[in-house]
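Structure record follows, encoded as structure tokens.
There are 2 protein chains.
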Amino acid sequence: MRKGAETRERLLSIAETAVLAKGFGATSIEELIAEAEITKSGFFYHFKDKTELARALIVRYLEADEVLLDDLFKRARELNVDPLHSLLIGLKLLAEMMADLPEGHPGCLVATICYQERLFDKDIHELTRGGALAWRARFVRVLEEISEIYPPNDDVDLVEVADLISTIVEGGIIMSKALREPEKLAAQVILLRSYIKLLFSPRPS
Amino acid sequence: MRKGAETRERLLSIAETAVLAKGFGATSIEELIAEAEITKSGFFYHFKDKTELARALIVRYLEADEVLLDDLFKRARELNVDPLHSLLIGLKLLAEMMADLPEGHPGCLVATICYQERLFDKDIHELTRGGALAWRARFVRVLEEISEIYPPNDDVDLVEVADLISTIVEGGIIMSKALREPEKLAAQVILLRSYIKLLFSPRPS
DNA sequence: GATAAAACTGTACCGGCGGTACTGTACTCG
DNA sequence: CGAGTACAGTACCGCCGGTACAGTTTTATC
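Just so you know, the protein sequences line up as chains E and W, in that order. Each residue of the first sequence is one higher than the one before, starting from 3 at the first, in the working numbering. Each residue of the second sequence is one higher than the one before, starting from 3 at the first, in the working numbering.
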């Protein structure tokens, strides 16, 4: 029972790395079991087919993601009660976290799945959509709180601004990879911070 | 000679659609030749292996991309001589173009390749990097021109701002797909426009 | 209208992979 | 001690990428 869960975890870890590096379709079960040092039977004991592996991968990924962001923005909240400054601190912490990945961000599973739509069923797409909506909900809440205190300097939809955070993280990951500049992601998050600052900071009048 | 190029083009078109929808590794040569109505021998006459298909795909993609952007920002330039307003118009045209894709943006080949690094050789990665750098160069030029007239309202690196454009397009495509909201991409580009506006517009003092 | 090159088709084969099916077995928890 | 858990072993199927190579039709060119 305990050992089973451990093997499953190891399989998922190996699979996640492989999928982010080569895509889901190009990741063979054989290479996974070779690295995990188990047999094919062992694999199919844990996952009835490749689709179930995919489902388990995203569920695990989204859960870890949520825990990570919860923690990060809770810390940011503790450092400053003002919602705007708390968000700005949170974005700085986020950028620092990204910058601390020496090999660069390994990639986002949601993005991989979106770029291989036809390989996955509606079920899995619903999960990735849920992940994106969770980010949106998290930041819309904060942005509304901010805009009540600091009226925005431009006529923008707060839902769009919330989604911009996801957009820049996803885009930043790709740009980091494309340019082979691991620091790019953090730098783009800092630029997002600059936008939030300009958007909500009271103008000198 | 003429007919050969035509078949090659048809193959590339079919392959591009398939790769963007399923990833490179999951795209089989068999399905491509089935849709193109040729035989396997025909395929290998045009491309000596799958890797050469990949190379031809990006080269074609990047060339088309360049032509498209050249045209778009040339039109923007003709509508307004001021570099800031010209860029803002250009971004609006870009957003409109994105919004005109009824099924949403089909996806960016550079992103697909980045998310399947291990499948491609250094050669191909150099091509995608070149594509990203071309976008950067294009916009850095304009941004420098702008900042000479309108000093930026925040201390930002213009290279980062230039890369932000690519970041938001790449991220916007993913968010459009993840949320299944085709309009998302255009909306995020418009938000980028809002940032450029806030960054360079003279503050009322 | 002959000729050569271009643009394929046809056939046959290899090894790897996803997936299925079923049997056997070591470990472990109650 | 017995029942489930967590695998290992073996055998097999069909699809796919890739190779090899011979044959055939189409097309441009002189």
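Just so it is clear, CB atoms sit at the ideal spot from N, CA and C, and this is done for glycine as well. Given the structure is predicted, the values throughout are model-derived calculations rather than measurements.
Item: Beta-carbon spacing of M100/W, A188/W below 9 Å; Value: yes
Item: Cutoff 7 Å; reference G25/E; Cβ partners in own chain excluding five residues on either side; Value: T114, Q118
Item: Near-chain E residues of the region 8–26 of chain W - C-beta to any C-beta below 8 Å; Value: L22, A23, K24, G25, F26
Item: Close-in-space but distant-in-sequence residues of the same chain around L90/W (CB under 7 Å, 5 per side omitted); Value: R195, I198, K199
Item: Rounded Cβ spacing between S168/E and M177/W (contact assumed at less than 8 Å); Value: 6 Å
Item: Cβ pair count under 8 Å reaching 3, the region 71–85 of chain W against the region 120–130 of chain W; Value: no
Item: G106/W versus I192/W: straight-line alpha-carbon distance, rounded; Value: 16 Å
Item: Proximity test, Cβ basis, 9 Å: N82/W and chain E; Value: no
Item: Residues of the region 87–101 of chain E with Cβ closer than 7 Å to any Cβ of chain W, in chain order; Value: none
Item: E128/W: first and last residue of the uninterrupted alpha helix (DSSP H) it sits in; Value: 124–151
Item: Rounded straight-line distance, which links the Cα of A136/W to that of L129/W; Value: 10 Å
Item: Continuous alpha helix (DSSP H) assignments of at least 4 residues falling wholly in the region 45–110 of chain E; Value: 52–81, 85–101
Item: A38/W, DSSP secondary structure in three states; Value: helix
Item: Three CB pairs or more closer than 8 Å across the region 6–21 of chain E and the region 41–50 of chain E; Value: yes
Item: DSSP three-state assignment for A28/E, whether helix, strand or coil; Value: coil
Item: Residue-level contact to chain W via CB, S196/E, 9 Å cutoff; Value: yes
Item: Backbone CA spacing between E32/E and A20/E [nearest angstrom]; Value: 12 Å
Item: CB contact flag (R120/W, L95/W, <9 Å); Value: no
Item: Coarse secondary structure for D1/E, derived from DSSP in three states; Value: Because chain E spans 3 through 207 in this model, residue 1/E falls outside it and cannot be assessed.
Item: C-beta neighbour in chain E for E39/W, strict 9 Å; Value: no
Item: Backbone CA spacing between D156/E and L201/E [nearest angstrom]; Value: 7 Å
Item: Proximal residues, the region 162–175 of chain E versus chain W, C-beta separation under 9 Å; Value: E162, V163, D165, L166, S168, T169, I170, V171, E172, G173, G174, I175
Item: For T9/W, the nearest candidate out of E39/W, G133/W, E162/W (CA to CA); Value: E39/W
Item: Straight-line Cα distance separating D73/E from E185/W; Value: 32 Å
Item: Contacting residues, own chain, Cβ-Cβ under 7 Å from V69/E (five flanking each side not counted); Value: none
Item: S178/W (DSSP reduced to helix, strand or coil); Value: helix
Item: First and last residue of the uninterrupted alpha helix (DSSP H) at Y197/E; Value: 186–202
Item: Supposed contact pair E172/E and G173/W - C-beta distance, whole angstroms, cut 8 Å; Value: 4 Å
Item: Minimum Cβ-Cβ distance from K52/W to chain E less than 9 Å; Value: no
Item: Reduced DSSP secondary structure (H/G/I, E/B, other) of V158/E; Value: coil
Item: G116/E vs I175/E beta-carbon contact at 9 Å; Value: The sequence given here places Cys at residue 116/E; Gly does not occur at that position. It is not a contact, given that the beta carbons lie outside the stated cut-off.
Item: Proximity to T53/E [Cα-Cα], best of A180/E, E162/E, Y63/E, G27/E; Value: G27/E
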